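Numbering-wise, the sequence shown is residues 20 to 876 according to my numbering.
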Amino acid sequence: MTTNSLQPEGGHDGAFSSLSASIEALNLVNQNTSVESAKSVFGSAGVLLATIRDLMVNQQDYVVLGFSCAGVCQALDRGLSGRRMEELSGSVLWAIEKLTTTVAAIQEQIVKQDQKNPALPSFHARNDKEMIAAWGRDFDRVLHIFNMELSINNHMVLLNIHRDVQAVQGGTDGRHQPIQASIPLGELPPPPPGACFGRDALIEKIVGLADTFNSIALIGAGGIGKTSVALAVLHHDRIQEQFGSNRRFVRCDNFPASRPNFLRRLSKVIGADMRDPEDLVSLRPFLSLTKMIIVLDNAESILDPQGTDGKEIYDAVEELSRFSNICLAITSRITTVPPNCETIEISMLSMEAAHDVFYRIYKYGKQSDLVNDILRQMDFHPLSVTLLATVAHQYKWDNGRLAKEWKQRQTGVLHTEHNDSLAATINLSLASPMFQGLGPDARRLLEVIAFFPQGVDENNLDWLFPTIPNINAIFDKFCILSLTYRSDGFVTMLAPLRDHLRPINPKRSSLLCAAKELYFTRLSVDVDPNTPTFGETRWIISEDVNLEHLLDVFTSIDKRSDSVWSACGDFIKHLYWHKPRQTILRSRIECLPDDHPSKPECLFRLSRLFNSMGNNLDQILFLLRVLEIRSKEGDQYRVAQTLLELSGANRMLGLREEGIRQVKEALKIMERVGRATDRAVCLNALAYSLHDDKQLDEARDAASRAIALSEKGQELETFRSHHILGAIYSSEGERKKAIHHYEVALGIASPFKWHTPMFWIHHSMANLFCDEGTFDDAQAHITQAKLHAADDTYCLGRAMEVQARILYRQKWLADAIPEAACAIETLERLGAVAGFDASRALQDIEPATESQAISGG
């Protein structure tokens, strides 16, 4: 602690000025108090303190000094024991007691030294300077408290006098109006933010908590708007009415983190202005005086557990949060705040609020969807929106130039001419002691999290980072620092942080490349619906966006890598079975040269994916390119596979003759080069095409031959055979036989949890029951179908078709028509052909063709 100790050379300003101030304060109290016993006490103490001051200046006559100290103790003791002293302020009494203890301690030391050193000159030569300096430090500490309490007491006396004068001059009815004591000392908070769009409800919530003196912690990432919210609260009308001028704002990142610096800054802001408070105890009398709201802004600078005096500062803040007359508000990026604080996570802006923030600053372009799209890409991050608007306004960009700059530079554009930047905000978190204490792997781990759009699956941390110890603890620290957050089982980060922290060159990120190889190995596992482990490959449902982005990046920067393109084909196969949808990898695959070894296989799997979405036109385009490449290669087996797929696509488009010709050609090839199972696949496909062409006997024969050829372990083909037999008997009006084969198919699929095939069985049965007017059964099956559709948009669209039919057949047109319209919109969005025309939806709702109903095969 910095002190003003007594120096022989005459540097006495610290303790001596405090003594002088004490004497003056005692005299003022003596003049303004009506308690006679207190007058006597203060008068005696004032004289004796003056004597002590003079004796310490002269550094002589220790005997007299000792007697003087004893006299102060006696005088103060007599005053404290007086029965009428309760009329004085309790905090003044506390300060007098503290002063008594200090003076008594000095007097006791003088007596001991006098007993040990009867030869005063010798003692003076050896120890007087050190002892007097120590006494001076004690005086410097305790007199600050004593002076402060006396000053406050005098201020209260003056307030009472002022109140009495106002009551007389105001001509009131003689009753005193309550006046809240305020301390017009210290620092007032900064002005309110220019605007705080979209935060009204949040601010009202915080104001409500402050009204009841709850401690509050506003937690969030850098640039999320915590400070703006805190300032808006401080300047709220209700807060100003409640706390008056006792609204304090402490910038915790404006001083080096240490307990002395924190206490010194707090002392100055609240008006105590103690030069070197040792702890919160010394500020307690002032803090307890009146209602007060204190904001500790950017408190992560002092509450970092790994920072200087982290534990001591935390204890002081925790104690501050327990004052019953103080509302403590903390803004922080880290979550290590006192437990009795009401924690509020500050979220992103809404689209409307981000729009308002942007156009409040930016004046050179019209409102545009281009801007809205950029704001969406920034996750509506307040600081990023503000910086982008500022840069665009400063450079006078129009919307076109703004979109161009954003596309080229992303968050790199967020840097103003006054050096305000997103990077500076993020780097503050990276420079924190807690982050630095995580070691060299921490920054590289953030790169991996930033690379993946979804972040990292929290259940996969040990699998994904096997070489890094304590990986779960490190990820917990990332969340504590607000660098990341948890969402639906993933640890992810806001878009602006992600763009800033992701690796510039992914191929040079060792952790990312290691993660890539792990994912590629996982993708290489065969997706076989005939095995009980088929369900384990459903992991792709939750991580498809991450894998798609990984492949999109590496197929562009590592085009010659066989492993990358092999993984690309495996990824599409996983989508086909578990989550059929469009993929951005289509353009990557189509741009490959025809002689690339991976192109035909990737196109083939892409065609099957598009078939599962009902987009048969694009499916045929892909297959024709594959057929051309395979024919040149002379690979007859692959040619037959391609013909088989082309047959199914043409069947779905109603080109039955072409489809039947192609599947028969594929069957001939498979009879020469294929296995029994391959021939069963062709026979099932032929049965589907013949059924559509109303050649029901031939279709039944083909399906029956397929069942005979299906081998053990190839249950999927047996399932398909029973599915088509159910459709054949349904077309013939053989209801019981149709239901029998459908139920056999369900029994085959259920143990394997083949959700898409089971969807199509329930879809077919719903159509069957709807046609015969058994609507309860129809509704039960379409409900089951929707459950199996899950996230498969195409299947959901087909389910809505049947749902619309069921409603229409029951004459519930008000429900049927919007269901039909929704089905059309869903299917057309995928490029699929709906089972009925939108123009006819208002008049009739036709059933989907049976070929569509059984396309799950």
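Cβ atoms here follow ideal geometry from the backbone N, Cα and C, with glycine treated the same way.
Computed from a predicted structure; not experimentally measured.
Query, Result
"Do F794 and Q822 have their C-beta atoms within less than 7 Å of each other?", "no"
"The beta strand (DSSP E) spanning S3 covers which residue range?", "For the chain, the structure presents residues 20 to 876; residue 3 sits outside this window and is missing."
"What are the complete beta strand (DSSP E) segments, minimum 3 residues, inside the segment 309 to 385?", "311 to 316, 345 to 351 and 361 to 364"
"How about N635 and M671: are their beta carbons less than 7 Å apart?", "yes"
"Flag this pair as yes or no: are the beta carbons of A236 and V356 separated by less than 7 Å?", "yes"
"Nearest by alpha-carbon distance to L302: which of L537, F342 and I843 is it?", "F342"
"Write down the C-beta distance between L339 and S264 rounded to the nearest angstrom, noting that I regard them as a contact closer than 8 Å.", "Not really, about 19 Å apart at Cβ, beyond 8 Å."
"Please return the same chain residues whose Cβ sits closer than 6 Å to the Cβ of H781, not counting the five positions on each side in sequence.", "H800, Q803 and A804"
"Run through DSSP, which three-state label would Q601 get?", "coil"
"Does DSSP put L207 in a helix, in a strand, or in coil?", "coil"
"Can you tell me whether DSSP reads R517 as helix, strand or coil?", "helix"
"Straight-line CA distance for G456 to D316?", "23 Å"
"Just verifying my parser: in three-state terms, what is the DSSP assignment at A236?", "strand"
"Quick check on the DSSP output: the beta strand (DSSP E) that includes T511 runs from which residue to which?", "F509 to T511"
"Can you list, in chain order, the residues of its chain whose CB lies under 7 Å from that of D192, leaving out five sequence neighbours each side?", "Per-residue confidence for D192 stands at a pLDDT of 44, beneath the threshold of 50, marking its modelled position as unreliable; no derived number is given."
"Look up F778 in the DSSP assignment and say whether it is helix, strand or coil.", "helix"
"Flag this pair as yes or no: are the beta carbons of L744 and A722 separated by less than 7 Å?", "yes"
"Secondary structure at D547, three-state DSSP: helix, strand or coil?", "coil"
"Taking the alpha-carbon positions, what's the G673 to M819 distance?", "22 Å"
"Please go through the same chain and pick out, in chain order, the residues whose beta-carbon is closer than 6 Å to the beta-carbon of I349, but skip the five residues on each side of it.", "A236, L315, A318 and V356"
"With a CB to CB cut of under 6 Å and the five nearest residues on each side skipped, what residues in its chain are close to C215?", "S247 and A251"
"Answer yes or no: do M777 and H807 have a C-beta to C-beta separation smaller than 7 Å?", "yes"
"In whole angstroms, what separates the C-alpha of T845 from that of Y813?", "7 Å"
"Going by C-alpha distance, which of L480, R605, R719 and F377 is nearest L570?", "R605"
"Who are the near neighbours of R724 in its chain, counting only those whose CB is closer than 7 Å to its CB and skipping five residues on each side?", "L702"
"Under 8 Å, with one C-beta from each stretch per pair, do the segment 487 to 505 and the segment 468 to 477 reach the 3-pair mark?", "yes"
"Out of N669, E647 and A450, which has the shortest C-alpha to C-alpha gap to G633?", "N669"
"Once DSSP output is grouped into helix, strand and coil, what is the label at F281?", "helix"
"Under the rule that 16 or more other beta-carbon atoms within 10 Å means buried, what is T552, buried or exposed?", "exposed"
"Whole angstroms are fine: how far does the CA of E223 sit from the CA of A372?", "17 Å"
"Report the option in R698, L299, A276 and I312 whose CA atom is closest to the CA atom of L254.", "The sequence given here has His at residue 254, not Leu. Of the candidates R698, L299, A276 and I312, the one whose C-alpha sits nearest the C-alpha of H254 is I312."
"Specify, as a first and last residue, the run of the alpha helix (DSSP H) that F539 falls within.", "S529 to L542"
"Please go through the same chain and pick out, in chain order, the residues whose beta-carbon is closer than 6 Å to the beta-carbon of F274, but skip the five residues on each side of it.", "N280 and R284"
"Can you check which of these residues, F497, E736 and G554, is closest to I353 by C-alpha distance?", "F497"
"From L516 to V300, what does the alpha carbon distance come to, in whole angstroms?", "41 Å"
"I need the straight-line Cα distance from K683 to L663, nearest angstrom please.", "9 Å"
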